[in-house]
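Q:
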Ligand code: HGY
Ligand code: MN
Ligand code: MN
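Numbering (my numbering), first residue to last: 343 to 754.
#1: Would you mind working out which of 375, 533, 407, 461 sits nearest residue 432, comparing C-alpha positions?
#2: Distance check for residue 510 and residue 671, CA to CA, integer angstroms please.
#3: Helix, strand or coil for residue 701 per DSSP?
#4: Comparing C-alpha positions only, which one of 742, 596, 528, 697 sits nearest to residue 687?
#5: Could you please give me the residues that DSSP links to residue 696 through a beta bridge?
#6: State yes or no: is the C-beta of residue 699 nearer than 7 Å to some heavy atom of ligand 5?
#7: Contact defined as beta carbons within less than 8 Å: I believe residue 405 pairs with residue 383. What is the distance between those atoms, to the nearest angstrom?
#8: Within the continuous beta strand (DSSP E) that includes residue 409, where are the two ends?
#9: If you run the structure through DSSP and keep just helix, strand and coil, what is residue 663?
#10: Report all residues from its chain with a CB closer than 6 Å to the CB of residue 631; omit the five preceding and five following residues, and keep chain order.
#11: Mind reading off the beta-carbon distance from residue 739 to residue 538? Whole number of angstroms is fine, and I expect it under 8 Å.
#12: Once you ignore the five residues that flank residue 763 on each side, which residues in its own chain have a CB closer than 6 Å to its CB?
#13: At 3 residues or longer, what runs of the beta strand (DSSP E) sit wholly inside the stretch 560–604?
#14: Going by beta-carbon coordinates alone, are residue 426 and residue 370 separated by less than 8 Å?
#15: According to the neighbour-count rule (16 or more other Cβ atoms, all chains shown, within 10 Å of its Cβ), is residue 673 buried or exposed?
#16: Is the beta carbon of residue 652 sitting closer than 8 Å to the one on residue 584?
#17: Please determine, among 598, 494, 619, 586, the residue with the shortest C-alpha to C-alpha distance to residue 656.
#18: In terms of residues, what are the limits of the alpha helix (DSSP H) holding residue 393?
#19: Hey, could you find the ends of the alpha helix (DSSP H) residue 359 is sitting in?
#20: Given the structure, does residue 434 come close to ligand 2, in the sense that its CB is under 7 Å from one of the ligand's heavy atoms?
#21: Is the beta carbon of residue 367 closer than 8 Å to that of residue 429?
#22: Enumerate in chain order the residues of its own chain whose CB-to-CB distance from residue 650 is below 8 Å, with the five nearest sequence positions on each side excluded.
#23: Of all Cβ atoms in chain B, is any one closer than 8 Å to the Cβ of residue 483?
#24: Name the two residues that bound the continuous alpha helix (DSSP H) containing residue 728.
#25: Hey, would you say residue 413 sits closer than 8 Å to residue 395, going by beta carbons?
#26: CA-CA distance, residue 415 and residue 491?
#27: Note the first and the last residue of the continuous beta strand (DSSP E) segment covering residue 468.
#28: Heavy atom of ligand 2 less than 7 Å from the Cβ of residue 392, yes or no?
#29: What residues in its chain sit with their C-beta under 6 Å from that of residue 466, if we drop five residues either side in the sequence?
#30: Nearest to residue 543 by CA position, among 718, 528, 497, is which residue?
#31: Which ranges would you report for the alpha helix (DSSP H) in the stretch 633–682 if only whole runs of at least 4 residues count?
#32: Can you tell me whether DSSP reads residue 612 as helix, strand or coil?
#33: DSSP state of residue 719, grouped into three classes?
#34: One question on the structure: do residue 561 and residue 628 come within less than 8 Å of each other, judged by their Cβ atoms?
#35: Would you call the CB atoms of residue 558 and residue 666 closer than 8 Å?
#36: Pairs of beta-carbons, one from the stretch 417–424 and one from the stretch 521–529, closer than 8 Å: are there three or more?
Structure, rendered in structure tokens:
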């Protein structure tokens with residue numbers, strides 16, 4: 343049977359969704375539970391309804407659309423996330439959710455009744471805008487850190503309860519989500535690579551072998567606030583200069599030590615923040631990644647050690663708190679083999695690669711077999727308004743997803 347997705351319909355949906363949450367700097371800002379995110383959720387539910395899929399939302403706000411199968415469960419889950427980073431792109435996460443919807447619409451239109459039910463899923467707060475990465479998929483899999491959740495400190499400064507106000511979601515309902523979850527036979531996620539390998543090699547399909555591990559810290563250098571004009575340079579205990587030295591030396595260390603290591607200082611706040619006061623405090627984030635656990639731990643030790651050495655030399659104090667950590671995660675070898683068989687049947691060029699970005703698939707891998715299909719990010723850009731794809735690449739990725747879903751749902 344000639345089975346293929348409808349790329350015009352898929353493109354129309356992604357372009358429409360991409361307009362929800364457009365911000366003034368040409369990107370998209372749709373953090374979970376923001377007005378824009380609530381609009382995107384409503385948009386998805388409308389599309390799921392039009393596709394006659396059974397809609398449900400669990401206690402963490404994860405949205406599901408089910409195509410019934412001969413059995414009630416286990417389900418085959420396929421999707422990604424709708425939320426974005428602030429001033430992010432239109433394709434991170436959304437390609438996976440809308441391609442999954444398009445596959446289920448196509449399966450239905452072809453009159454295929456799957457043996458196992460198929461469910462589209464859009465996970466809440468994959469980006470960790472609120473309280474650490476993967477809030478929705480961790481709630482679904484029962485792998486949340488309850489202590490961090492109850493601490494309720496969010497990246498927006500206001501407590502979690504305030505952000506959840508009016509959404510019908512609460513701490514308790516988030517913690518209950520795992521009890522509502524069906525058994526999952528497999529999880530598949532189509533996603534943009536967010537790196538440049540596929541685009542540089544002009545290859546339309548990436549099969550992910552492993553997803554990198556991550557440690558995210560909130561850290562602080564503190565020194566002495568004093569007058570910018572009267573304090574001699576050699577007498578200063580300038581918190582920003584401590585951070586600046588760490589930024590240069592730590593990024594050099596990672597770059598020199600290990601080509602698979604990644605260190606990013608993505609957010610900095612100086613106090614008191616006036617131009618005529620020497621910063622007495624520098625609050626910042628450290629996003630450290632590596633695909634091998636031992637290397638991640640080794641880099642962590644070296645960077646924290648370097649920060650402590652700088653603090654002593656400059657008469658500063660250094661504090662840090664690990665706020666989120668995700669282990670390097672191999673994808674299911676069985677699903678990878680299935681993907682490879684089907685991508686060859688389709689005669690699409692492909693590469694196998696490690697994902698430098700984190701994904702819900704590495705959380706689902708804790709409870710089921712998980713696999714990812716990548717499509718190229720033009721110039722490797724992502725988490726930015728310039729995020730872009732080629733529609734012909736998405737068509738290939740979605741057709742591969744379709745073939746594997748039909749295989750899994752009818753004969754796993
Ligand atoms: O941060 C990540 O790697 C993912 O985009 N949330
Ligand atoms: Mn993503
Ligand atoms: Mn992302």
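Ideal Cβ positions, reconstructed from N, Cα and C, are used throughout, including at glycine.
None of these values were measured; they are calculated from a predicted model.
A: The short version:
#1: Nearest option by C-alpha distance: 533.
#2: Rounded to the nearest angstrom, the two C-alpha atoms are 33 Å apart.
#3: Coil at residue 701, not helix or strand.
#4: Of the candidates 742, 596, 528, 697, 742 places its Cα closest to the Cα of residue 687.
#5: According to DSSP, residue 696 bridges with 552.
#6: Because ligand 5 does not appear in the structure shown, any question about it cannot be addressed here, the ligands present being ligand 1, ligand 2 and ligand 3.
#7: Taking the Cβ atoms as the reference, residue 405 lies roughly 6 Å from residue 383, within the contact range of under 8 Å.
#8: From DSSP, the beta strand (DSSP E) with residue 409 extends over 405–409.
#9: Residue 663 carries a strand assignment under DSSP once its states are collapsed to helix, strand and coil.
#10: 554, 556, 604, listed in sequence order.
#11: About 17 Å separates the two Cβ atoms, so there is no contact after all.
#12: The structure shown has nothing for residue 763, since the chain only spans 343 to 754.
#13: Counting only runs of 3 or more, we get nothing.
#14: In contact: residue 426 and residue 370 (Cβ atoms closer than 8 Å).
#15: Buried.
#16: With contacts defined by Cβ atoms closer than 8 Å, residue 652 and residue 584 form a contacting pair.
#17: With distances taken between CA atoms, residue 656 lies nearest to 586 out of 598, 494, 619, 586.
#18: Residue 393 -> no alpha helix (DSSP H), and no H or E assigned at all.
#19: Per DSSP, the continuous alpha helix (DSSP H) segment holding residue 359 begins and ends at 349–360.
#20: Residue 434: yes, Cβ under 7 Å from ligand 2.
#21: Going by C-beta atoms, residue 429 is nearer than 8 Å to residue 367.
#22: Within its own chain, the residues whose Cβ lies closer than 8 Å to the Cβ of residue 650, once the five positions on either side in sequence are excluded, are 660, listed in chain order.
#23: Among the chains of the structure shown, chain B does not appear; only one protein chain is present.
#24: For residue 728, no alpha helix (DSSP H) segment is defined, and its DSSP state is neither H nor E.
#25: Against a cut-off of 8 Å, the Cβ pair of residue 395 and residue 413 comes out as no contact.
#26: A direct Cα-to-Cα measurement between residue 415 and residue 491 gives close to 30 Å.
#27: Looking at the DSSP string, residue 468 is not in any beta strand (DSSP E), and its letter there is neither H nor E.
#28: Every heavy atom of ligand 2 is 7 Å or more from the Cβ of residue 392, so no.
#29: Contacts found: 374, 402, 403, 404, 477, 478.
#30: Sorting 718, 528, 497 by C-alpha distance to the C-alpha of residue 543 places 718 at the top.
#31: Secondary structure in the stretch 633–682: the alpha helix (DSSP H) runs of 4 residues or longer, each lying completely within the stretch, are 635–655 in chain order.
#32: In the three-state reduction of the DSSP assignment, residue 612 falls in the strand class, which pools E and B.
#33: In the structure shown, residue 719 sits in coil (DSSP, three-state: anything other than H, G, I, E or B).
#34: Note that the C-beta distance between residue 561 and residue 628 is below 8 Å.
#35: With respect to the 8 Å criterion, residue 558 and residue 666 are classified as neighbours on the basis of their beta carbons.
#36: Touching, yes.
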